[in-house]
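Visitor:
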């Protein structure tokens with residue numbers, strides 16, 4: 002979890018932008034960013050340009066040493082503030098080997114060369130964002146062209162809000178509280194599965210699937226017949242493979258991780274799959290040992306509650322090092 006605040010179209014106000022006004026707006030953005038510092042206690046960074054300001058609060062998960070944000074392109078012309086995780090960043094890095102000089106190991110830096118690749122293409126931003134596998138919200142500023150691109154993942158796992166002030170300046174922030182009390186005339190949630198390019202009038206839907214409507218899948222084969230007999234092994238195997246792949250790719254981390262376990266079906270299945278891959282660091286191609294020799298699981302609840310009992314039973318079966326955190330009814 003990280004957080005960022007962005008201010009754009011600084012020159013749109015009635016008062017011409019000068020160093021005094023720019024510093025005033027910079028102070029405003031920094032004050033807004035302080036309100037979401039709990040999202041990123043490891044680093045605070047800010048970029049101030051002639052028509053955009055980006056501030057970032059970082060929680061280090063990938064590349065703790067050099068992945069500070071806002072990120073700047075190899076030519077210094079593109080600035081990026083991002084929150085989230087790009088699970089396939091290593092594959093994208095290989096795509097740009099010899100074509101782009103990465104400055105960090107941050108998973109989010111791959112957004113910059115993707116932008117460079119697709120920015121001039123028709124429907125390029127949809128193609129660009131489709132290449133990203135992960136959860137994300139980002140604000141990218143192209144200082145050479147004085148344009149910006151805002152985007153959010155398809156489900157909306159990562160929060161993002163947008164606002165406009167009386168002067169017509171445009172703001173984005175990871176939490177609503179950063180925008181409140183700033184004399185905004187309009188504040189709203191940035192729509193998931195969309196991007197907003199500053200030359201467009203409104204956000205554009207980038208996430209489109211041909212199976213969004215039930216009619217696209219209503220004639221698909223069922224996995225079992227009316228008697229419960231399996232009639233399509235591939236369906237079951239595809240679900241298993243897809244779920245394992247989704248869990249595995251989210252284990253990418255340069256710091257130790259654990260699993261939250263409630264004892265219910267969902268968390269138990271995810272914990273069991275995690276245990277399958279937890280002995281090796283998947284970001285190294287499973288070549289290096291994991292940070293901890295065993296996977297740790299955590300459960301939170303009232304002492305002796307059914308959830309904690311179920312979580313302990315699941316942890317014992319899976320083989321995790323289990324930890325309970327208790328709270329009282331008074332708490």
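Numbering (my numbering), first residue to last: 2 to 332.
Don't be surprised by glycine CBs; every beta carbon is placed ideally from N, CA and C.
Are there 16 or more other CB atoms within 10 angstroms of the CB of residue 164, so buried, or fewer, so exposed?
Guide: Label assigned to residue 164: buried.
Visitor: Find the nearest neighbour of residue 109 within the set 23, 44, 307 and 136, judged by alpha-carbon distance.
Guide: The residue with the shortest Cα to Cα distance from residue 109 is 136.
Visitor: Buried or exposed: where does residue 57 fall if 16 or more other Cβ atoms within 10 Å of its Cβ makes it buried?
Guide: Residue 57 comes out buried.
Visitor: Under the three-state reduction of DSSP, which class applies to residue 247: helix, strand or coil?
Guide: Reduced to three states, the DSSP call for residue 247 is helix.
Visitor: Would you call the CB atoms of residue 175 and residue 113 closer than 9 Å?
Guide: Taking 9 Å as the Cβ cut-off, residue 175 and residue 113 do not qualify as a contacting pair.
Visitor: So, using beta-carbon positions, are residue 7 and residue 151 closer together than 9 Å?
Guide: Contact flag set, yes.
Visitor: Could you give the residue range of the beta strand (DSSP E) that holds residue 326?
Guide: Its beta strand (DSSP E) spans residues 322-327.
Visitor: Residue 284: which of 88, 260 and 33 sits nearest, CA to CA?
Guide: Among 88, 260 and 33, the Cα nearest to that of residue 284 belongs to 88.
Visitor: Check residue 158 in the structure and name its three-state DSSP category.
Guide: Residue state, collapsed to three classes: coil.
Visitor: Check whether the Cβ atoms of residue 127 and residue 207 lie closer than 9 Å to each other.
Guide: Their beta carbons are under 9 Å apart, which means residue 127 touches residue 207 by this criterion.
Visitor: Can you find the residues in the same chain that come closer than 6 Å, C-beta to C-beta, to residue 47, ignoring five residues on each side of it along the sequence?
Guide: Contacts found: 56.
Visitor: Quick one: grab the DSSP three-state call for residue 129.
Guide: Helix, per DSSP.
Visitor: Give, in chain order, every unbroken run of the alpha helix (DSSP H) that is at least 4 residues long and sits entirely within the region 67-136.
Guide: Those alpha helix (DSSP H) runs which fall completely within the region 67-136 and span 4+ residues are 90-96, 112-119 and 125-131.
Visitor: Would residue 321 pass as a contact of residue 276 if the rule is Cβ separation under 9 Å?
Guide: Yes, the pair counts as a contact, with Cβ atoms nearer than the cut-off.
Visitor: In whole angstroms, what is the alpha-carbon distance linking residue 180 and residue 120?
Guide: Each residue's alpha carbon lies about 29 Å from the other.
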